[in-house]
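Single-structure report; data block below.
Here it is as structure tokens:
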């Protein structure tokens with residue numbers, strides 16, 4: 125991450141247009157999801173469309189990893205990227221809708237084992253809910269990166285005075301925008317009656333500070349964007365990981381109500397934080413030999429990641445994911461005591477009602493499930509890793 129740097133003016137331009145990227149990603153993913161809903165009425169047509177989209181995405185991914193030369197190379201890669209941008213939310217939306225339909229059917233057909241269908245239905249529903257947010261995040265990163273790249277080209281070719289004026293204006297607006305968004309979020313959270321009055325002073329102060337910085341810093345001064353983003357994300361993950369799932373489920377139970385959904389959200393949030401730490405450390409510890417060998421062949425950054433980085437991180441990623449799955453299975457019982465639903469909630473209820481026989485049966489069931497899943501995960505690790 126330390127070798128990823130960008131000029132100061134480019135970074136400020138990307139930061140200024142980041143909210144626009146969020147809106148573009150959110151709207152475009154919502155449009156793609158609406159387009160996918162037209163094929164969901166008939167399950168057969170939806171399944172055929174899903175297979176077509178999956179094949180198209182696989183072909184586009186293969187083409188994107190190739191090196192293109194000539195005057196049309198940039199336009200070709202842009203067209204492929206836009207195609208993947210449109211097809212990905214359509215495919216995920218179709219998969220979620222078909223999974224929800226299949227989960228509801230299994231829930232009605234399996235009888236005592238209908239919880240399996242309910243599990244599929246719940247996971248698919250969560251994917252459908254969070255898909256637009258993923259689009260906003262992808263749009264934020266994409267538009268910000270594109271704006272930063274275009275600004276870098278402009279600053280390299282522009283007159284030094286014009287480049288300095290551009291950098292000062294962009295940095296001032298970016299600082300004011302960040303302060304305005306943060307203060308507006310706080311005002312919205314506390315339901316302030318006049319948020320503009322609360323936003324004015326921080327916005328002006330932050331804009332003035334960035335104005336002074338832009339006047340004193342060279343336009344082409346490299347900013348270690350890789351380390352900055354890495355530090356911010358790592359800090360957020362550490363903060364989330366420091367809160368135990370049992371505490372999270374209490375907060376989510378107040379927010380969304382007592383039930384399995386609160387437990388799933390608590391476990392998911394803590395799992396993302398824990399796996400993010402493990403994944404990042406594994407990427408830091410990869411061998412440099414394969415990367416140097418791939419770079420020696422003239423490969424670009426994307427090809428280096430695909431052929432030198434991913435093969436080294438897939439086995440430990442699978443091991444970490446399965447290990448975390450084991451932890452979540454055990455934690456799901458404890459989560460129930462905090463209002464997360466599931467069998468833990470039933471155990472607590474039976475203990476409070478002095479129904480020790482029912483509680484003992486449920487504890488035996490928990491032990492059987494945990495032992496079975498532990499054996500299954502061990503077999504999976506032996507075959508894959």
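Numbering (our numbering), first residue to last: 125 to 509. Just so it is clear, CB atoms sit at the ideal spot from N, CA and C, and this is done for glycine as well. As the structure is a computational prediction, the values presented were derived from the model and not from experiment.
Query - Check whether residue 458 and residue 364 have beta carbons under 8 angstroms apart - result: no
Report task. Tell me whether the beta-carbon of residue 287 lies closer than 8 angstroms to the beta-carbon of residue 133. Result -> yes
**Report entry** residue 170 to residue 248 span [Cα, whole Å]
**Finding:** 15 angstroms
Query - residue 589, DSSP secondary structure in three states - result: It is not possible to answer for residue 589, since the shown part of the chain is limited to 125 through 509.
Query raised in the report: Does DSSP classify residue 284 as helix, strand or coil?
Result: helix
Query raised in the report: So, using beta-carbon positions, are residue 215 and residue 174 closer together than 8 angstroms?
Result: yes
Query raised in the report: Under 8 angstroms between the Cβ atoms of residue 516 and residue 189?
Result: Outside the shown range of the chain (125 to 509) lies residue 516, about which nothing can therefore be said.
Query raised in the report: By Cβ distance, which residues of its chain are closer than 6 angstroms to residue 153, with the 5 residues on each side in sequence left out?
Result: 213, 256 and 259
Query raised in the report: What runs of the alpha helix (DSSP H), each 4 residues or longer, lie entirely inside the segment 220 to 306?
Result: 238 to 281
Query raised in the report: Taking the C-alpha atoms as reference points, what is the distance between residue 252 and residue 342?
Result: 45 angstroms
Query raised in the report: Tell me which same chain residues have a C-beta within less than 6 angstroms of the C-beta of residue 217, skipping the five on either side of it?
Result: 157 and 160
Query raised in the report: How do the segment 337 to 352 and the segment 129 to 146 stand: do at least 3 beta-carbon pairs fall below 8 angstroms, yes or no?
Result: yes
Query raised in the report: Does DSSP put residue 348 in a helix, in a strand, or in coil?
Result: coil
Query - Residues near residue 223 by beta carbon distance below 7 angstroms, same chain, minus five either side - result: 244 and 248
**Report entry** Distance between residue 354 and residue 409 (C-alpha atoms, nearest Å)
**Finding:** 15 angstroms
**Report entry** Reference residue 490, options 453, 473, 464 and 479, closest by Cα
**Finding:** 453
Query raised in the report: If you compare alpha carbons, which of 406, 430, 386 and 413 is closest to residue 74?
Result: Residue 74 lies beyond the stretch modelled for the chain, which goes from 125 to 509, so this question has no answer here.
Query - Span separating the alpha-carbon of residue 202 from that of residue 148 - result: 16 angstroms
Requested in this report: Determine the contact status of residue 296 and residue 266, defining contact as a CB-CB distance below 8 angstroms.
Outcome: no
Query raised in the report: Does the Cβ of residue 377 have 16 or more other Cβ atoms within 10 Å, making it buried, or fewer, making it exposed?
Result: buried
**Report entry** DSSP state of residue 366 mapped onto helix, strand, coil
**Finding:** coil
**Report entry** residue 144: first and last residue of the uninterrupted alpha helix (DSSP H) it sits in
**Finding:** 142 to 161
Query raised in the report: CB residue 298 to CB residue 455, shorter than 8 angstroms?
Result: no
Query raised in the report: By how many angstroms is the C-alpha of residue 209 removed from the C-alpha of residue 183?
Result: 14 angstroms
Query raised in the report: In chain order, what residues of the same chain have a beta carbon less than 7 angstroms from the beta carbon of residue 304, not counting five sequence neighbours either side?
Result: 323 and 327
Query raised in the report: What's the gap between the Cα of residue 141 and the Cα of residue 292?
Result: 15 angstroms
Query raised in the report: In or out: residue 150 buried (at least 16 other Cβ within 10 Å) or exposed?
Result: buried
Query raised in the report: Does the distance from the C-beta atom of residue 415 to that of residue 432 stay below 8 angstroms?
Result: yes
Query raised in the report: Taking just the CA atoms, how far does residue 477 sit from residue 404?
Result: 46 angstroms
Query - N- and C-terminal bounds of the alpha helix (DSSP H) containing residue 390 - result: 384 to 408
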